[in-house]
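Heads up, the sequence shown is in our numbering, so the first residue is 1 and it goes up one at a time. For each residue, glycine too, the CB sits at the ideal point set by N, CA and C. Quick caveat, the model's predicted, so the values are computed rather than measured.
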Amino acid sequence: MSKRRLDSYMDTVFTFGNGPNNQPTSLLIGLDIMLSKLYQLSPAEDLTLAGLLTRPLPLYNDEAMNEAMALTKDKYGSVHRVFIVCDRDNILKEDFQRWMIENNPTDDVKLISGSDS
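This is the structure:
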């Protein structure tokens, strides 16, 4: 099972704010990937609006995330969690969603058949 979420990042633009030899610091999702992976079941108006509202998304390395989120059983474990599997999701393929469930156990798993999000 591949842990990669996507087969291709298509027209996504990565920014390397810490230099080209370091991990990317943000990404901007392009219209091609929105059309084929995110809004493929949506009306054209939704894609147009999404394109107008899209902004760069900051990316964080694992070390920074671990420092920012100190998860404990008392806090994180006190909330019942349900994972909703979307079998037509083109970004997080079903095998990756199942991998996420295995590595972050939940109280319940629901399947929305025919759904992409």
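Check, Outcome
"Per-residue burial, residue 112 [other beta carbons within 10 Å of its own, 16 or more giving buried]", "exposed"
"Residue 29, buried or exposed, once every other Cβ within 10 Å from all chains shown has been counted against 16", "buried"
"N- and C-terminal bounds of the alpha helix (DSSP H) containing residue 112", "Element bounds for residue 112: not the alpha helix (DSSP H) but the beta strand (DSSP E), 108-112."
"Nearest candidate by alpha-carbon position, reference residue 60, set 101, 105, 73, 26", "26"
"Test item: CB-CB of residue 97 and residue 85 under 9 Å", "yes"
"Short Cβ contact (9 Å threshold) for residue 115 with residue 87", "yes"
"Rounded C-alpha distance that separates residue 100 from residue 92", "10 Å"
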